[in-house]
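In the order they appear, the protein sequences are chains A and B.
As numbered in the working numbering, residues 483 to 720 make up the first sequence, in order.
As numbered in the working numbering, residues 483 to 720 make up the second sequence, in order.
The beta-carbon is built from N, C-alpha and C at its ideal position, and this holds for glycine as well.
A quick write-up on the structure given underneath.
Number of protein chains: 2
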Amino acid sequence: MDIEGIGHHISRQYNEELEAIRSKVMAMGGLVEQQLANAILALEESNGALAESVIDTDYKVNSFEVEIDEECVQILARRQPAASDLRLIMTVIKTITDLERIGDEAERISKMSIKLKMSENVKSTMPAIGHMGNHVRLMVHDALDAFARMDAEAALKVWHEDRKVDKEYEGIMRQLMTYMMEDPRSIPDVVDLLWSVRALERIGDRATNICEYVMYLVKGKDVRHISVEQMEKQVLGK
Amino acid sequence: MDIEGIGHHISRQYNEELEAIRSKVMAMGGLVEQQLANAILALEESNGALAESVIDTDYKVNSFEVEIDEECVQILARRQPAASDLRLIMTVIKTITDLERIGDEAERISKMSIKLKMSENVKSTMPAIGHMGNHVRLMVHDALDAFARMDAEAALKVWHEDRKVDKEYEGIMRQLMTYMMEDPRSIPDVVDLLWSVRALERIGDRATNICEYVMYLVKGKDVRHISVEQMEKQVLGK
Chain A
483 MDIEGIGHHI SRQYNEELEA IRSKVMAMGG LVEQQLANAI LALEESNGAL AESVIDTDYK
543 VNSFEVEIDE ECVQILARRQ PAASDLRLIM TVIKTITDLE RIGDEAERIS KMSIKLKMSE
603 NVKSTMPAIG HMGNHVRLMV HDALDAFARM DAEAALKVWH EDRKVDKEYE GIMRQLMTYM
663 MEDPRSIPDV VDLLWSVRAL ERIGDRATNI CEYVMYLVKG KDVRHISVEQ MEKQVLGK
Chain B
483 MDIEGIGHHI SRQYNEELEA IRSKVMAMGG LVEQQLANAI LALEESNGAL AESVIDTDYK
543 VNSFEVEIDE ECVQILARRQ PAASDLRLIM TVIKTITDLE RIGDEAERIS KMSIKLKMSE
603 NVKSTMPAIG HMGNHVRLMV HDALDAFARM DAEAALKVWH EDRKVDKEYE GIMRQLMTYM
663 MEDPRSIPDV VDLLWSVRAL ERIGDRATNI CEYVMYLVKG KDVRHISVEQ MEKQVLGK
């Protein structure tokens, strides 16, 4: 199925409704990406004002979720979508839940960054955390791009990125653990940082969830909880 | 709307389909509750065999999620549900996502408990962790019970429990932080334990998500991201 598979109905109004939902998901995704980018920057640069702006903006992410959910219910009730249209609605319902939770994680990182004291140890970990942060932000971006283009192969590619993020995560964790053992007074700060790094790791997981929905949307088969080999067979047909 | 509001259709087959989905959600919930109870017990008692059994059983939780999702899509496509039936399907789709993720957290706790060394400090925290664990397990149980009985007031009551869980969580965190500072050699073990306590706290959050879906199902209004006062007004009508 290519992108043309959706939005060709006799009713122009129906086409427009589906297209409006797709656009709104992309707008929500754009906002979440921005929130995440700001949260990472605020953490790296101890920028309290930027962190506050992330916290103050979270309500907009939440409003998107409630609005899009409501529009999906309206379409289900009025248009009784079938086949690929129905899969689109299912994909949207699930995707926006993960997007909203990514927004929550960005908010959590921002709250933590406000109270974090920048000791030498903490400072020296920041480049690695910034790198990991940008990696997961890119995963979210590319997952949404795969959704926009309904590209299952692209979604599979993003899905594979998560293994690299997990490796970065483990490296940073080892480093933070060493810092705590070397300087027990730093423990409260380093534990705060642990939660942020964990939040980034979970955002990577959520990006892979979105990739799985996109593969389902395009291929019509649920690819959750199956082996990598099975997933590749579904998506690449080999 | 009481429980009789759903399942009265001219088509007996359709009634049975809706009822079958409700039953399957309850079966999935029962399994997740059991997984969680076993994970907590395995952690408290360093019972490796029990922890392994939780890990080995997670695939059953996943299968429930995929099956129920597929049945929801079938009903949406064939029956074109409206009003409270449509809300039921939406509630089910969202609830099973949270149930599956609670299952994942139980699996994570079990994996961690297998490698956890039982130092004196770790041992002395176990009663508090066990208490918190049972508290969130009860929240999951009561949230599912509110779903089964379509009881918005009960859901609201469970929703309020999360504040108490958060207090327990903070107390345990403070204690674990003190242990790390007193005995830096214990840091790797205590950090493992931190993740488990965090997992329990997140399970409490997921139980409140389910409560919010139940309030939406019964009252027909989305209660996410609104103030407690607004939520109480929606549910209690005062």
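**Request:** Output yes if chain B places a C-beta closer than 8 Å to the C-beta of residue 692 (chain A); else output no.
**Result:** When Cβ-Cβ separations below 8 Å define contact, residue 692 (chain A) makes no contact with chain B.
**Prompt:** Out of curiosity, what's the CA-to-CA distance linking residue 587 (chain B) and residue 669 (chain A)?
**Reply:** 25 Å
**Message:** Helix, strand or coil, according to DSSP, for residue 543 (chain B) in the structure here?
**Reply:** Helix.
**Request:** Please list the residues of the region 528 to 549 of chain B that have a C-beta atom closer than 8 Å to any C-beta atom in chain A, keeping them in chain order.
**Result:** Against chain A - using a Cβ distance shorter than 8 Å - the residues of the region 528 to 549 of chain B are 541, 544, 545, 547 and 548.
**Asked** For chain B, is any of its Cβ atoms less than 8 Å away from the one on residue 483 (chain A)?
**Response** With a pLDDT of 47 at residue 483 (chain A), under the threshold of 50, the modelled position of that residue is not reliable, and no figure is offered here.
**Prompt:** Since residue 573 (chain A) contacts residue 695 (chain A) with CB under 8 Å, what's their CB separation in whole angstroms?
**Reply:** 4 Å
**Request:** Mind checking which residues open and close the alpha helix (DSSP H) that includes residue 685 (chain B)?
**Result:** 669 to 701
**Message:** Using a Cβ-Cβ distance cut-off of 8 Å, determine whether residue 491 (chain A) contacts chain B.
**Reply:** no
**Prompt:** Does residue 562 (chain B) have its Cβ less than 8 Å from a Cβ in chain A?
**Reply:** yes
**Message:** Quick check on the burial criterion: 16 or more other C-beta atoms within 10 angstroms. Buried or exposed for residue 626 (chain A)?
**Reply:** buried
**Message:** Using the Cβ count rule (16 or more neighbours within 10 Å means buried), how would you classify residue 484 (chain A)?
**Reply:** Note that residue 484 (chain A) scores a pLDDT of 47, beneath 50, so its modelled location is shaky and nothing firm can be said.
**Message:** Within 8 Å of any Cβ in chain A, is that where the Cβ of residue 593 (chain B) sits?
**Reply:** no
**Message:** Please tell me whether residue 589 (chain B) and residue 537 (chain B) are closer than 8 Å, where the distance is taken between their beta carbons.
**Reply:** yes
**Message:** With a threshold of 8 Å between beta carbons, is residue 607 (chain B) in contact with chain A?
**Reply:** With its beta carbon at least 8 Å from every one in chain A, residue 607 (chain B) lies outside the interface.
**Request:** Please check if any C-beta of chain A sits within less than 8 Å of the C-beta of residue 706 (chain B).
**Result:** Yes, because at least one Cβ of chain A sits closer than 8 Å to the Cβ of residue 706 (chain B).
**Neighbour flag for residue 584 (chain B) against chain A, beta carbons, 8 Å** = no
**Request:** For residue 504 (chain A), count neighbouring Cβ atoms within 10 angstroms of its own Cβ and tell me buried if that reaches 16, exposed if not.
**Result:** buried
**Message:** Suppose the cutoff is 7 Å on Cβ atoms and the five residues either side in sequence are ignored; what does the same chain contact list for residue 635 (chain B) look like?
**Reply:** 717 and 718
**Request:** Determine the contact status of residue 547 (chain B) and residue 612 (chain B), defining contact as a CB-CB distance below 8 Å.
**Result:** In this structure, residue 612 (chain B) does not lie closer than 8 Å to residue 547 (chain B) by Cβ.
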